[in-house]
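Mapping of the sequence shown onto full-length UniProt numbering: position 77 corresponds to residue 77, and the numbering continues sequentially without gaps.
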Amino acid sequence: MHSLNDAQIRASFVNASVRERAALTLPPGFAELDWDRLDFLGWRDPKLPLVAYAVVPGEQGPVGIMLRRAEGRLRSRPQCAWCEDVHLPNDVLFYVAKRGGQAGRRGDTVGTLVCADFQCSKNVRKRPPVAYLGFDVEAARERRIEALRENVAGFVRAVTAD
Numbered sequence: 001m002h003s004l005n006d007a008q009i010r011a012s013f014v015n016a017s018v019r020e021r022a023a024l025t026l027p028p029g030f031a032e033l034d035w036d037r038l039d040f041l042g043w044r045d046p047k048l049p050l051v052a053y054a055v056v057p058g059e060q061g062p063v064g065i066m067l068r069r070a071e072g073r074l075r076s077r078p079q080c081a082w083c084e085d086v087h088l089p090n091d092v093l094f095y096v097a098k099r100g101g102q103a104g105r106r107g108d109t110v111g112t113l114v115c116a117d118f119q120c121s122k123n124v125r126k127r128p129p130v131a132y133l134g135f136d137v138e139a140a141r142e143r144r145i146e147a148l149r150e151n152v153a154g155f156v157r158a159v160t161a162d
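What follows is the structure in structure tokens.
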């Protein structure tokens, strides 16, 4: 992912009002982010515990999505829909995003299960277990990274679809 500044991040949001964009709090440690190891930028707002943000690279530039955490409890330990890691060291939460444009103004939403603190980029870069003799660990890691990018892009398409 290419590095972004504060103004680029705020301008990227497709489902947030001008007021919501102005009020968002950038992630802790924003100045020290290792952009080369991020497939998307995701964080929870420290001032608003139920609000989170994801900024995803797009063909026409970054696309920002404002998310709200669902308030119910999950009955079992779910799998993250983005990184699809079955050995997660972290919690997974259900987030809902208002759709962009007219659909969002009507109240349409899209939901997804995501790692609680958006650790997906880190999770897919972990060394996978050797599945069989001759298993190509690096190729498996690259497939996981590509799958994460496709899953996140699919969610963005669902949010921005008319």
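Think of the CB as a built atom: it goes at the ideal place given N, C-alpha and C, for glycine as much as any other residue. Since this is a predicted model, take the numbers as computed values, not measurements.
{"Check": "Inter-residue Cα distance where the pair is GLN8 and LEU133", "Outcome": "46 angstroms"}
{"Check": "Burial state of LEU148, where buried means 16 or more other Cβ atoms lie within 10 Å", "Outcome": "buried"}
{"Check": "Residue span of the beta strand (DSSP E) that contains ARG69, given as start and end", "Outcome": "63-69"}
{"Check": "Beta strand (DSSP E) segment containing ARG44, residue limits", "Outcome": "41-44"}
{"Check": "Residue span of the alpha helix (DSSP H) that contains THR160, given as start and end", "Outcome": "137-160"}
{"Check": "Distance between PRO57 and VAL18 (C-alpha atoms, nearest Å)", "Outcome": "21 angstroms"}
{"Check": "Counted within 10 angstroms of its Cβ, other Cβ atoms place ASP85 as buried (16 or more) or exposed", "Outcome": "buried"}
{"Check": "Residue ranges of each alpha helix (DSSP H) within the segment 4-53, 4 or longer", "Outcome": "6-11, 18-23"}
{"Check": "Closest residue to ILE65 among VAL51, GLU71, PRO78 (Cα-Cα distance)", "Outcome": "VAL51"}
{"Check": "Per-residue burial, ALA161 [other beta carbons within 10 Å of its own, 16 or more giving buried]", "Outcome": "exposed"}
{"Check": "Local Cβ density within 10 Å of PHE155, reported as buried at 16 or more and exposed below that", "Outcome": "buried"}
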